[in-house]
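What follows is one structure encoded as structure tokens, with my remarks underneath.
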Amino acid sequence: MPWRKEIEEYLDEICSHVKYKRDRQAIREEIGSHINERIWDLKHDGVSEEEAVAKAIESMGDADTIGISLNKVHNPILGWIFFITNIAAKVSMGALIFLFAASLISELEPFEPEISKDDIAYEAKLNLKGKIDDTAVKFKKVILYKDGDVWIELLQYSTTLSALNNNSILWGFEAYTDDGEMVEARSGSERGGMFYRRCAISFNAKESEKIVLDYDKYNRKMRVEIPLTGQEDE
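At position 204 of the sequence shown the residue is numbered 204 (the UniProt record's numbering), and the sequence of numbers has no breaks.
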């Protein structure tokens with residue numbers, strides 16, 4: 001199926017690393033479909049067409065990294081060897097270990113914004129969990145700054161074995177103050193590998209004592225309440 005130029009270039013870059021040509025079309029269709037779904041979600045939330053395309057592609061991850069990883073799975077020579085010798089499980093396990101190791105390194109890297117501790121009014125670790133379809137979501141930390149801005153970190157990961165089934169759910173959440181007012185101006189950041197994604201959402205809390213994040217799309221729902229007052233982490 002035809003894609004936009006930006007998507008075609010992104011898919012071309014991924015597939016350029018995949019030596020097993022028979023699998024390239026299936027890879028293009030799979031990744032392209034995920035990008036289009038993400039674009040639709042963003043446009044539904046009011047994002048312009050051009051911005052939605054850029055954000056959707058960015059959320060998928062680095063094209064070279066994805067292509068190199070997929071090539072290890074779709075190598076033509078290994079494909080025949082796996083079929084004949086029935087050792088696919090061992091090779092797949094090695095690929096999984098490699099991907100999880102890369103994800104662990106990224107998880108240990110600093111993710112919080114570089115702002116002075118003197119600017120923080122409230123900070124707390126979170127342990128709020130939920131699930132949207134086959135995507136598990138865990139809210140990990142909240143920081144309230146003295147100017148009223150809030151930074152909330154969450155981790156999402158697929159509960160299936162598909163490395164490509166990790167669409168970002170960050171922009172699906174609506175934010176509300178404790179009096180029910182929707183927060184319109186929001187920003188976010190994402191970082192992750194093929195099996196998990198670290199995300200952060202930021203906005204001004206408008207002197208609210210708690211923030212409600214609500215996901216309600218296509219009969220998929222999740223709602224969490226995050227306090228902005230109380231006992232802080234030491």
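C-beta: ideal position from N, C-alpha, C; glycine also.
It should be emphasised that the depicted structure is a prediction, and the values quoted were computed from it without experimental measurement.
- Cβ-Cβ distances below 6 Å link Ser189 to Ala200 in the same chain, with the five nearest sequence neighbours on each side left out; the list follows chain order.
- Rounded to the nearest angstrom, the gap between the Cα atoms of Gly230 and Ser187 is 25 Å.
- Under the three-state reduction of DSSP, Tyr20 is assigned to coil, being neither helix nor strand.
- Assigned with DSSP and collapsed to three states, Thr65 falls in helix.
- Take the alpha-carbon of Trp171 and the one of Lys43: they are about 11 Å apart.
- Pairing Glu29 with Glu58, the inter-Cα distance amounts to about 17 Å.
- The shortest C-alpha to C-alpha distance from Ser208 to any of Tyr176, Phe139, Glu184, Arg198 is the one to Tyr176.
- Residues Ile143, Leu144, Tyr145, Lys146 of the same chain have their beta carbon placed closer than 8 Å to that of Ile120, with the five preceding and five following residues left out of the count.
- Apart from sequence neighbours up to five positions away, the residues of its chain that approach Thr160 with a beta-carbon distance below 6 Å are Asp134, ordered along the chain.
- Gln156 is classed as buried because its beta carbon has at least 16 other beta carbons within 10 Å across all chains shown.
- Under DSSP, the beta-bridge partners assigned to Arg220 are Lys217.
- In this structure, DSSP gives Lys210 an extended state, which the three-state scheme calls strand.
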